[in-house]
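In UniProt numbering, the protein residues as written are 1 to 119.
All C-beta atoms in this analysis are idealised placements derived from N, C-alpha and C, irrespective of residue type, glycine included.
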(Lines of atoms letter the chains of each structure in order from A and count residues from 1; the text may use other names and numbers.)
(Lines give C-alpha, C1' and ligand atoms only; values in the text may rest on other atoms or scores of the structure.)
Protein backbone atom coordinates (compact mmCIF):
# COMPACT_ATOMS: atom_id res chain seq x y z
CA UNK A 1 0.00 0.00 0.00
CA UNK A 2 2.80 2.43 0.86
CA UNK A 3 4.43 1.88 -2.54
CA UNK A 4 1.16 2.71 -4.29
CA UNK A 5 0.86 5.96 -2.32
CA UNK A 6 4.46 6.93 -3.09
CA UNK A 7 4.06 6.20 -6.81
CA UNK A 8 0.70 7.99 -7.04
CA UNK A 9 1.90 11.08 -5.19
CA UNK A 10 5.16 11.13 -7.15
CA UNK A 11 3.27 11.05 -10.45
CA UNK A 12 0.87 13.76 -9.24
CA UNK A 13 3.86 15.83 -8.15
CA UNK A 14 5.54 15.46 -11.55
CA UNK A 15 2.33 16.45 -13.37
CA UNK A 16 1.84 19.54 -11.22
CA UNK A 17 5.47 20.66 -11.50
CA UNK A 18 5.40 20.29 -15.29
CA UNK A 19 2.08 22.16 -15.33
CA UNK A 20 3.35 25.14 -13.31
CA UNK A 21 6.58 25.35 -15.34
CA UNK A 22 4.66 25.26 -18.63
CA UNK A 23 2.18 27.85 -17.30
CA UNK A 24 5.08 30.09 -16.37
CA UNK A 25 6.45 29.70 -19.88
CA UNK A 26 3.14 30.75 -21.45
CA UNK A 27 1.05 27.59 -21.88
CA UNK A 28 -2.58 28.16 -22.89
CA UNK A 29 -3.97 26.58 -19.71
CA UNK A 30 -3.04 29.76 -17.78
CA UNK A 31 -4.31 32.68 -19.91
CA UNK A 32 -4.96 35.00 -16.96
CA UNK A 33 -3.58 35.89 -13.56
CA UNK A 34 -6.44 34.01 -11.89
CA UNK A 35 -5.68 30.75 -13.72
CA UNK A 36 -1.93 31.22 -13.24
CA UNK A 37 -2.48 31.64 -9.50
CA UNK A 38 -4.61 28.47 -9.41
CA UNK A 39 -1.96 26.44 -11.29
CA UNK A 40 0.77 27.70 -8.94
CA UNK A 41 -1.37 26.99 -5.87
CA UNK A 42 -2.05 23.45 -7.11
CA UNK A 43 1.67 22.79 -7.46
CA UNK A 44 2.48 24.18 -4.02
CA UNK A 45 -0.40 22.27 -2.42
CA UNK A 46 0.75 18.98 -3.97
CA UNK A 47 4.30 19.61 -2.70
CA UNK A 48 2.93 20.18 0.82
CA UNK A 49 0.61 17.15 0.72
CA UNK A 50 3.43 14.95 -0.59
CA UNK A 51 5.66 16.15 2.24
CA UNK A 52 2.97 15.15 4.72
CA UNK A 53 1.97 11.75 3.32
CA UNK A 54 5.06 10.12 1.83
CA UNK A 55 7.22 7.95 4.08
CA UNK A 56 10.77 9.23 3.91
CA UNK A 57 13.75 7.33 2.55
CA UNK A 58 16.65 8.33 0.29
CA UNK A 59 14.63 8.02 -2.93
CA UNK A 60 11.55 9.91 -1.77
CA UNK A 61 13.70 12.68 -0.30
CA UNK A 62 15.35 13.25 -3.68
CA UNK A 63 12.02 13.12 -5.51
CA UNK A 64 10.68 15.77 -3.13
CA UNK A 65 13.78 17.99 -3.41
CA UNK A 66 13.67 17.87 -7.23
CA UNK A 67 9.92 18.60 -7.15
CA UNK A 68 10.41 21.59 -4.84
CA UNK A 69 13.13 22.92 -7.13
CA UNK A 70 10.86 22.46 -10.15
CA UNK A 71 7.91 24.10 -8.43
CA UNK A 72 10.16 27.00 -7.42
CA UNK A 73 11.26 27.48 -11.03
CA UNK A 74 7.63 27.34 -12.18
CA UNK A 75 6.46 29.88 -9.62
CA UNK A 76 9.40 32.17 -10.51
CA UNK A 77 8.45 31.96 -14.20
CA UNK A 78 4.83 32.69 -13.25
CA UNK A 79 5.92 35.78 -11.32
CA UNK A 80 7.83 37.05 -14.36
CA UNK A 81 4.81 36.41 -16.62
CA UNK A 82 2.29 37.88 -14.14
CA UNK A 83 2.41 41.49 -15.36
CA UNK A 84 1.80 40.45 -18.98
CA UNK A 85 -1.54 38.80 -18.21
CA UNK A 86 -5.03 40.21 -17.68
CA UNK A 87 -6.55 39.69 -14.23
CA UNK A 88 -9.25 37.45 -15.71
CA UNK A 89 -9.47 35.91 -19.14
CA UNK A 90 -11.51 38.10 -21.50
CA UNK A 91 -14.73 36.45 -22.64
CA UNK A 92 -14.88 33.96 -19.78
CA UNK A 93 -18.09 33.79 -17.78
CA UNK A 94 -18.32 35.22 -14.29
CA UNK A 95 -19.23 31.76 -13.02
CA UNK A 96 -15.98 30.25 -14.29
CA UNK A 97 -13.96 33.10 -12.82
CA UNK A 98 -15.74 32.70 -9.47
CA UNK A 99 -15.10 28.94 -9.60
CA UNK A 100 -11.39 29.62 -10.13
CA UNK A 101 -11.38 31.97 -7.14
CA UNK A 102 -13.12 29.36 -4.99
CA UNK A 103 -10.65 26.70 -6.17
CA UNK A 104 -7.77 28.99 -5.22
CA UNK A 105 -9.19 29.51 -1.71
CA UNK A 106 -9.82 25.77 -1.24
CA UNK A 107 -6.29 24.89 -2.39
CA UNK A 108 -4.79 27.45 -0.04
CA UNK A 109 -6.93 26.08 2.80
CA UNK A 110 -5.88 22.50 2.16
CA UNK A 111 -2.23 23.50 1.96
CA UNK A 112 -2.42 25.49 5.20
CA UNK A 113 -4.28 22.74 7.06
CA UNK A 114 -1.80 20.09 5.98
CA UNK A 115 1.18 22.35 6.69
CA UNK A 116 -0.16 23.07 10.18
CA UNK A 117 0.30 19.37 11.03
CA UNK A 118 4.09 19.57 10.51
CA UNK A 119 6.23 19.54 13.62
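Open item on the list: If you measure between the beta carbons of residue 77 and residue 21, is that distance less than 9 Å?
Closed with: In the chain shown, the residue the question calls residue 77 occupies position 77. In the chain shown, the residue the question calls residue 21 occupies position 21. Cβ distance < 9 Å, so residue 77 and residue 21 count as in contact.
- [ ] For residue 7, I'd like the list of residues in its chain whose CB is within less than 8 Å of its CB, leaving aside the five on either flank, ordered along the chain.
- [x] Taking the first residue of the chain shown as 1, we reach residue 7 at position 7. Within the same chain, and ignoring the five residues on either side of residue 7 in sequence, no residue has its Cβ closer than 8 Å to its Cβ.
Open item on the list: Counting beta carbon pairs with one atom in the stretch 92-109 and one in the stretch 60-71, are three or more of them shorter than 8 Å?
Closed with: As far as the Cβ criterion goes, the stretch 60-71 does not touch the stretch 92-109, which means the pair count is below three.
Open item on the list: Using only CA atoms, which one of 27, 32, 68 lies nearest to residue 83?
Closed with: As a position in the chain shown, residue 83 is number 83, starting the count at 1. It is 32 whose Cα lies nearest to the Cα of residue 83.
Open item on the list: Can you look up residue 120 in the DSSP assignment and give me helix, strand or coil?
Closed with: This structure does not reach residue 120, given that the chain is present from 1 up to 119, and the question cannot be answered.
TODO: Give me the Cα-Cα distance between residue 125 and residue 47, rounded to the nearest whole angstrom.
DONE: Residue 125 lies beyond the range of the chain shown here (1 to 119); nothing can be said about it.
TODO: Measure the alpha-carbon distance for residue 44 versus residue 16 and round it to whole angstroms.
DONE: Counted from its first residue, the chain shown places residue 44 at position 44. Counted from its first residue, the chain shown places residue 16 at position 16. Distance between the alpha carbons of residue 44 and residue 16 is about 9 Å.
- [ ] Name the residue from 28, 119, 90, 42 whose alpha carbon lies nearest to the alpha carbon of residue 68.
- [x] Translated into positions along the chain shown, residue 68 becomes position 68. Of 28, 119, 90, 42, the residue nearest in Cα terms is 42.
Task: CA-to-CA distance, residue 38 to residue 88, given in whole angstroms - done: Along the chain shown, read from residue 1 onward, the residue named residue 88 stands at position 88. Along the chain shown, read from residue 1 onward, the residue named residue 38 stands at position 38. Computed Cα separation, rounded: 12 Å.
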